[in-house]
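To start, the structure under review is shown below, and the notes come after it.
Protein chains: 2
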Amino acid sequence: MTSSTALLTDRYELTMLGAALRDGTAARPSVFELFARRLSGGRRFGVVAGTGRLLSLLRDFRFGEDELRFLRDNHVVDAGTLTYLEDYRFTGSIHGYREGELYFPGSPILTVEGSFADAVVLETLALSVMNHDSAVATAASRMSIAAGERPLSEMGSRRAAEMSAVAAARAAYIAGFSATSNLEAGRRWDIPTMGTAAHSWTLLHDTEEEAFRAQIDSLGTDTTLLVDTYDIREGVNTAIRVAGTELGGVRLDSGDLPTVAAAVRTQLDELGATGTRITVTSDLDEYAIAALAASPVDYYGVGTSVVTGSGYPTAGMVYKLVARQDADGGWVAVAKASTDKGSKGGRKAAFRVLRDGVATSETVVVSDGFEALGSAAEHPDSRPLQVTLVDEGDIDASFEGAAGTAAARAHHLQVREELPVRALALSKSDPAIPTVFLDRD
Amino acid sequence: MTSSTALLTDRYELTMLGAALRDGTAARPSVFELFARRLSGGRRFGVVAGTGRLLSLLRDFRFGEDELRFLRDNHVVDAGTLTYLEDYRFTGSIHGYREGELYFPGSPILTVEGSFADAVVLETLALSVMNHDSAVATAASRMSIAAGERPLSEMGSRRAAEMSAVAAARAAYIAGFSATSNLEAGRRWDIPTMGTAAHSWTLLHDTEEEAFRAQIDSLGTDTTLLVDTYDIREGVNTAIRVAGTELGGVRLDSGDLPTVAAAVRTQLDELGATGTRITVTSDLDEYAIAALAASPVDYYGVGTSVVTGSGYPTAGMVYKLVARQDADGGWVAVAKASTDKGSKGGRKAAFRVLRDGVATSETVVVSDGFEALGSAAEHPDSRPLQVTLVDEGDIDASFEGAAGTAAARAHHLQVREELPVRALALSKSDPAIPTVFLDRD
Numbered sequence: 004m005t006s007s008t009a010l011l012t013d014r015y016e017l018t019m020l021g022a023a024l025r026d027g028t029a030a031r032p033s034v035f036e037l038f039a040r041r042l043s044g045g046r047r048f049g050v051v052a053g054t055g056r057l058l059s060l061l062r063d064f065r066f067g068e069d070e071l072r073f074l075r076d077n078h079v080v081d082a083g084t085l086t087y088l089e090d091y092r093f094t095g096s097i098h099g100y101r102e103g104e105l106y107f108p109g110s111p112i113l114t115v116e117g118s119f120a121d122a123v124v125l126e127t128l129a130l131s132v133m134n135h136d137s138a139v140a141t142a143a144s145r146m147s148i149a150a151g152e153r154p155l156s157e158m159g160s161r162r163a164a165e166m167s168a169v170a171a172a173r174a175a176y177i178a179g180f181s182a183t184s185n186l187e188a189g190r191r192w193d194i195p196t197m198g199t200a201a202h203s204w205t206l207l208h209d210t211e212e213e214a215f216r217a218q219i220d221s222l223g224t225d226t227t228l229l230v231d232t233y234d235i236r237e238g239v240n241t242a243i244r245v246a247g248t249e250l251g252g253v254r255l256d257s258g259d260l261p262t263v264a265a266a267v268r269t270q271l272d273e274l275g276a277t278g279t280r281i282t283v284t285s286d287l288d289e290y291a292i293a294a295l296a297a298s299p300v301d302y303y304g305v306g307t308s309v310v311t312g313s314g315y316p317t318a319g320m321v322y323k324l325v326a327r328q329d330a331d332g333g334w335v336a337v338a339k340a341s342t343d344k345g346s347k348g349g350r351k352a353a354f355r356v357l358r359d360g361v362a363t364s365e366t367v368v369v370s371d372g373f374e375a376l377g378s379a380a381e382h383p384d385s386r387p388l389q390v391t392l393v394d395e396g397d398i399d400a401s402f403e404g405a406a407g408t409a410a411a412r413a414h415h416l417q418v419r420e421e422l423p424v425r426a427l428a429l430s431k432s433d434p435a436i437p438t439v440f441l442d443r444d
Numbered sequence: 004m005t006s007s008t009a010l011l012t013d014r015y016e017l018t019m020l021g022a023a024l025r026d027g028t029a030a031r032p033s034v035f036e037l038f039a040r041r042l043s044g045g046r047r048f049g050v051v052a053g054t055g056r057l058l059s060l061l062r063d064f065r066f067g068e069d070e071l072r073f074l075r076d077n078h079v080v081d082a083g084t085l086t087y088l089e090d091y092r093f094t095g096s097i098h099g100y101r102e103g104e105l106y107f108p109g110s111p112i113l114t115v116e117g118s119f120a121d122a123v124v125l126e127t128l129a130l131s132v133m134n135h136d137s138a139v140a141t142a143a144s145r146m147s148i149a150a151g152e153r154p155l156s157e158m159g160s161r162r163a164a165e166m167s168a169v170a171a172a173r174a175a176y177i178a179g180f181s182a183t184s185n186l187e188a189g190r191r192w193d194i195p196t197m198g199t200a201a202h203s204w205t206l207l208h209d210t211e212e213e214a215f216r217a218q219i220d221s222l223g224t225d226t227t228l229l230v231d232t233y234d235i236r237e238g239v240n241t242a243i244r245v246a247g248t249e250l251g252g253v254r255l256d257s258g259d260l261p262t263v264a265a266a267v268r269t270q271l272d273e274l275g276a277t278g279t280r281i282t283v284t285s286d287l288d289e290y291a292i293a294a295l296a297a298s299p300v301d302y303y304g305v306g307t308s309v310v311t312g313s314g315y316p317t318a319g320m321v322y323k324l325v326a327r328q329d330a331d332g333g334w335v336a337v338a339k340a341s342t343d344k345g346s347k348g349g350r351k352a353a354f355r356v357l358r359d360g361v362a363t364s365e366t367v368v369v370s371d372g373f374e375a376l377g378s379a380a381e382h383p384d385s386r387p388l389q390v391t392l393v394d395e396g397d398i399d400a401s402f403e404g405a406a407g408t409a410a411a412r413a414h415h416l417q418v419r420e421e422l423p424v425r426a427l428a429l430s431k432s433d434p435a436i437p438t439v440f441l442d443r444d
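Those sequence lines, one after another, are chains A and B.
Here the first sequence stands for residues 4 to 444, where the numbers follow this note's numbering.
Here the second sequence stands for residues 4 to 444, where the numbers follow this note's numbering.
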C-alpha cells in the first residue's frame with residue numbers, strides 16, 4: 004500500500020477530468036467553494052476542523068505507479084488523462100477559515116482556485132476531512148462549553164473507525180478537550196494522552212483489592228481507580244484502604260451519575276480523601292455534562308457521543324464550483340438553479356462583524372467579477388476570516404502537525420469568546436448570528 | 004509514519020499490561036468476547052462486518068522503534084513493558100462469526116483467547132473496526148432489502164472521514180450494495196466502482212448541451228447524464244437530443260423523487276428512449292428507497308445515510324473479559340456486577356437454530372469450565388456460527404483481501420435468506436429472533 008491519498012476520490016472526478024481534458028475546459032480558471040448550507044441539528048454555530056490534516060493529505064495527493072496502474076487496468080480514464088495525472092500535483096491556491104474558527108450557513112470555509120483540472124479532483128478528499136472533523140469539533144465545543152472549567156477527555160476511539168478515531172481525538176482537542184485516550188493521536192499531534200483502567204483489570208484478579216494494589220504498585224498513588232465493577236461503596240472503601248487518602252482519583256462508569264457522584268464524594272470526604280478526584284464516563288453527551296454541573300465531578304470522559312458528532316456525524320458541507328472563466332477569459336459566477344439546494348455563485352470574502360467584541364453577523368462580500376472584494380477597512384469593527392493556506396501549490400506548513408493543531412485550539416478558544424450569550428445554549432435553534440451577503444458587482 | 008497499527012489503542016490497555024506484567028497476572032490465560040448488548044435503533048438484526056479488515060490490521064499490530072520511542076518518551080509504560088512490547092505479536096486464537104453473518108444481542112461475535120497480555124491490547128482496534136463496519140453494513144443491508152432487485156451504489160465518501168469512507172464502501176458492498184464511487188475501495192478489495200457527473204461539470208460549460216456533448220464524447224453514449232442543474236424537463240430533452248435514444252441513463256439529484264422520476268420516465272419513453280435508465284441520488288435512506296418501490300427508478304445512489312449507519316454510526320459492541328484462569332489454573336467465568344450493564348461471563352458456542360430453513364433462535368451455549376460446549380450434533384436443525392479466524396497467532400488469510408470481501412458478501416446474501424419475514428420490516432422493533440443462553444456447567 005502506498006501512502007498516496009489520490010484514490011481517496013470519487014470516480015466521477017477523474018472521468019470529468021478526462022472529458023474536460025478532451026474538450027479543452029480542463030484549463031479554465033475556476034473557483035470552488037467548500038461551505039455548509041445549514042448547521043446540522045439546530046446547532047447555533049459550527050467549528051471548522053480538519054484544515055491542518057487536509058493540507059498534509061494534499062502533500063500526498065500524487066498519482067504514483069500503483070494508482071495509475073489501477074486506473075489503467077480498470078479503464079477509469081483514458082491514456083491522455085493518465086499522462087496528465089502522472090505529473091499532477093495541486094498548483095492552485097486555497098484560502099479559507101483558520102482551523103478552529105467558527106462558521107455559519109454560507110461561510111466560505113475553503114476557496115479553492117486553479118484550473119478546473121487542478122481543483123475538481125480535490126472534492127472528495129476535502130469534504131471527507133472537513134465534514135468529519137468539523138462535525139466532531141462542533142459537538143466537542145458544545146461539550147466543552149457545558150463542562151465549563153472542568154477538563155474533558157476524549158475516550159471514544161472504540162466507537163469510531165480506527166483512523167477516524169485518531170482524527171476525532173484531534174478535532175475534540177481543538178474544540179476544547181484536554182486530552183485523549185488515543186495513543187496515535189498523541190504521537191501525531193502531541194495531544195496529551197490519559198487513561199484509567201478497564202473492568203477487565205479488576206476481573207482479571209481474584210479480588211478488587213488485589214487489582215487496586217497492583218495498579219498502584221505500577222502507576223503510583225496518583226492513578227485513577229475504577230470502582231464500579233462490583234459494589235461502588237465497597238469499591239471506594241477498598242480504594243482508599245489500599246491507596247490511602249492521597250489517591251489521585253476514582254472513576255464511575257455506571258449508574259445515575261448525579262446520585263452516585265454525590266454519594267461517592269461524601270464517602271471520600273468522610274474517609275479523609277478530600278483531594279481524591281471523581282471522573283465520570285458513562286455515555287456522556289453535552290446534555291448529560293450540563294446536567295452534572297451541580298454535581299461534585301472533577302473530570303469528564305466522553306466516548307461515543309463526541310466521536311460521532313453527538314447525533315450529527317457529518318457536517319453536511321458541500322464543494323461547489325462558484326465561478327469560472329469563459330472561453331474569452333471573462334469570469335462567470337455559477338450556481339445550480341434547482342430550487343431546493345440553492346447555493347450562491349461568485350467568489351467571496353468573509354468578515355465577522357463585532358460590536359463591543361461580540362459577534363453580530365457573518366458578512367460575506369460576493370463579487371462575480373473579482374474586483375475588490377471588500378476589505379477589513381470597510382468594516383472597522385470586523386475581523387477578516389480568511390487566510391492563505393496554499394499559495395500556488397505552496398502549502399503553508401504552519402497549519403500542519405502538532406504546532407498547527409495547538410494553534411487551532413488556541414484560536415478556537417479565543418474566538419469562542421466572541422459568541423453572543425444565546426449561542427451557548429444547547430437547545431436547537433437558529434444560527435447565533437445571521438449570514439449577510441453583500442453583492443459588489 | 005510507519006504502517007504499524009499498534010498505537011490505534013487506548014492508553015489504559017498498555018498501562019494495564021504494565022501493571023499485569025509486574026504482578027504476574029499478565030500470563031493468566033484469558034478469554035475476551037466482543038459482542039453487542041443490544042441492536043442499535045430498534046433494528047431487527049445486525050450484520051457482522053470488519054472481520055477481514057481487522058485480521059489485516061492485526062498483522063501490523065507490532066511495536067516498532069517509532070512506537071516504542073513514543074511510549075518511552077511520554078512515560079506511558081516502564082522499561083520492562085517496553086521490552087515485552089518489542090517482541091509482541093498476537094499469539095493467541097480468535098474464533099468468531101463469519102464476516103457477513105447476522106448477529107443478535109449477546110451473539111459472541113469474536114472470542115479472543117490468549118494470555119491477558121496477548122488479548123487486552125487488542126480491545127480498541129477490534130472495537131473500532133467492528134463497531135464502524137458493522138454499523139454501516141447493518142444499515143446497508145436494510146437498504147438492500149428495501150431496494151429489492153434494483154442495484155444500489157455507495158456514494159457517501161464525502162460524508163465520512165477519508166479512511167472510514169474506504170471501509171464503509173467495503174461494508175456496504177458486503178451487505179448487498181453493487182458498487183462504490185470510492186476508488187481506493189475499488190483498488191483494495193476489487194469492489195466495482197461507478198460514477199456519473201457533478202453539477203460543476205455542467206456549470207463549467209457555457210451551456211448544458213456542451214457539457215453533455217463533451218461527456219458523451221469522452222465516455223460514450225452509455226454514460227449517465229446529470230439532468231437537474233437547471234430545468235429537469237429541458238435537461239432531459241437536451242440529453243436525448245445530444246445522445247440519442249441509446250443514452251445509458253440520467254441522474255436525478257433533487258426534487259420530490261417519486262414525482263420527478265415518474266415525469267422523467269414518461270418523458271424519456273415519449274422521446275423513444277425507453278431503455279435509458281434512471282438513477283436517483285438525493286439524500287436516500289432505507290425509508291426513501293422503500294417509498295420509491297413503485298416508482299420507475301432503475302438505480303439508487305446512497306450517500307450520507309449509509310456511511311453514517313442511517314442514524315446509528317456505531318454498533319455499540321463491547322470487548323469484555325468473560326473468563327480467565329486463577330492462580331491454580333482453574334477457569335473462572337467473570338462479569339461486571341453493576342446492574343445497568345449486565346454481560347454474561349463464560350466461554351460460549353453459538354448456533355442459529357432453524358426450522359424449515361427459517362431462523363427461530365440464536366442459541367448460545369455457555370460453559371465456565373470449558374467442558375464440551377455443545378456441538379452442531381446436539382442441534383440437528385442448527386448451524387454453528389463460529390469459525391477459526393486466528394489459530395495460535397496464525398491468521399487465516401482466506402478472510403482477508405478481495406477474496407475475503409467477496410466471500411463475506413456471498414455469505415451475507417445467503418444467510419439473509421434465513422431471516423423470518425418479520426425481520427425485513429424497517430420499523431423499530433425487537434430483534435427478529437431471541438437469543439437463548441444455555442448454561443452447561
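From the three backbone atoms N, C-alpha and C, an ideal C-beta is built for every residue, glycine too.
The region 128-141 of chain A: positions lying closer than 7 angstroms to chain B by Cβ
LEU128, LEU130, SER131, VAL132, ASN134, HIS135
Exposed or buried, B/LYS462, counting other C-beta atoms within 10 Å across all chains shown (16 or more means buried)?
-> It is not possible to answer for residue 462 of chain B, since the shown part of chain B is limited to 4 through 444.
Between the CA atoms of B/LEU37 and B/GLU116 - distance to the nearest angstrom: 11 angstroms
*Using a C-beta cutoff of 8 angstroms, does B/LEU155 count as contacting chain A?*
no
If we cut at 8 angstroms on Cβ distances, does B/PHE64 have a partner in chain A?
Judged by the 8 angstroms Cβ criterion, B/PHE64 is not in contact with chain A.
- Taking any Cβ of chain A, which residues in the region 17-34 of chain B have a Cβ under 8 angstroms from it, in chain order? LEU17, THR18, MET19, GLY21, ALA22, ALA23, ARG25, ASP26, THR28, ARG31, SER33
Could you check where the alpha helix (DSSP H) with A/ASP220 kicks off and where it finishes?
211-222
**Report entry** Paired residues, beta bridge with A/GLN328 - DSSP
**Finding:** A/TRP334
- Item | For B/ARG56, three-class secondary structure by DSSP | Helix, per DSSP.
A/LEU88 to B/LEU427, Cα distance in whole Å? Rounded to whole angstroms, A/LEU88 to B/LEU427 spans 45 angstroms at the Cα level.
What number of angstroms, rounded off, separates the C-alpha of A/ALA410 from the C-alpha of A/ASP193?
-> 12 angstroms
Taking all protein chains shown into account, do 16 or more other C-beta atoms lie within 10 angstroms of the C-beta of B/ALA330, making it buried, or fewer, making it exposed?
-> With fewer than 16 other Cβ atoms within 10 Å, it is exposed.
Margin query: Could you tell me the alpha carbon to alpha carbon distance between B/MET19 and B/PHE64, rounded to whole angstroms?
Written below: Taking the Cα positions, B/MET19 is about 18 angstroms away from B/PHE64.
**Message:** Using a Cβ-Cβ cutoff of 7 angstroms, what residues of the region 193-218 of chain B are near chain A? List them in chain order.
**Reply:** THR196, MET197, GLY198, THR199, ALA200, ALA201, HIS202, SER203, TRP204, LEU206, LEU207, HIS208, ASP209, ALA217, GLN218
| said: Quick check on DSSP: helix, strand or coil for A/PHE402? | reply: helix
Output the distance between the C-alpha atoms of A/ILE398 and B/LEU113, rounded to the nearest integer angstrom.
44 angstroms
| said: Comparing C-alpha positions only, which one of B/MET166, B/ALA129, B/ARG355 sits nearest to B/ASP13? | reply: B/ALA129
If we define contact as Cβ-Cβ less than 8 angstroms, is B/PRO316 a contact residue for chain A?
yes
**Report entry** C-alpha distance - B/GLY44 paired with B/ASP433, whole-angstrom precision
**Finding:** 10 angstroms
Short CB-CB distance (under 8 angstroms) between B/TYR303 and chain A: no
query = Helix, strand or coil: how does DSSP classify B/GLU89 here?
reply = helix
message: For chain E, check one thing: does any of its Cβ atoms lie closer than 8 angstroms to the Cβ of B/ASP220?
response: The structure shown contains no chain E; the protein chains it does contain are A and B.
Which whole-angstrom value describes the C-beta separation of A/VAL139 and A/ALA174, a residue pair presumed to lie in contact below a C-beta threshold of 8 angstroms?
That belief holds up - the Cβ atoms of A/VAL139 and A/ALA174 are roughly 4 angstroms apart, short of 8 angstroms.
Which bits of chain A does B/MET146 rub up against, with CB to CB less than 9 angstroms?
What B/MET146 touches in chain A: nothing, since even the nearest Cβ is about 17 angstroms away.
### Query
Taking the alpha-carbon positions, what's the A/ALA379 to A/LEU42 distance?
Because A/ALA379 carries a pLDDT of 47, less than 50, the predicted location of this residue cannot be relied on, and the following value inherits that uncertainty. Rounded to the nearest angstrom, the two C-alpha atoms are 26 angstroms apart.
**Prompt:** Going by DSSP, what residues sit across from A/LYS323 in a beta bridge?
**Reply:** According to DSSP, which records beta bridges pairwise, A/LYS323 is partnered with A/GLU36.
Item checked: Start-to-end residues for the alpha helix (DSSP H) that takes in A/ALA265 -> 260-273
_Complete runs of the alpha helix (DSSP H) confined to the region 123-208 of chain A [at least 4 residues]_ = 126-150, 165-177, 186-192, 202-207
Mapping DSSP to helix, strand and coil, what is B/ILE97?
strand
- prompt: Is B/TYR233 helix, strand or coil when you go by DSSP?
  reply: coil
- request: Name, in chain order, the residues that DSSP records as bridge partners for A/VAL115.
  value: According to DSSP, A/VAL115 shares a beta bridge with A/PHE35, A/ILE97.
Within 8 angstroms, strictly: CB atoms of A/PRO316 and B/PRO316 | yes
**Request:** Since I believe B/THR183 is in contact with B/SER203 (beta carbons under 8 angstroms), could you give me their beta-carbon distance rounded to a whole number of angstroms?
**Result:** Contact doesn't hold; Cβ gap of about 21 angstroms is too wide.
Checklist line | Counted within 10 angstroms of its Cβ, other Cβ atoms place A/THR277 as buried (16 or more) or exposed | finding: It counts as exposed.
**Report entry** Inter-residue CB distance, A/LEU207 and B/LEU324 (contact presumed, cutoff 8 angstroms)
**Finding:** Contact flag correct, Cβ pair sits at about 6 angstroms.
Q) On the premise that B/TYR176 lies in contact with B/THR408, defined as a C-beta separation below 8 angstroms, what is that separation, rounded to the nearest angstrom? A) B/TYR176 and B/THR408 do touch by the CB rule: their CB atoms are close to 7 angstroms apart, below 8 angstroms.
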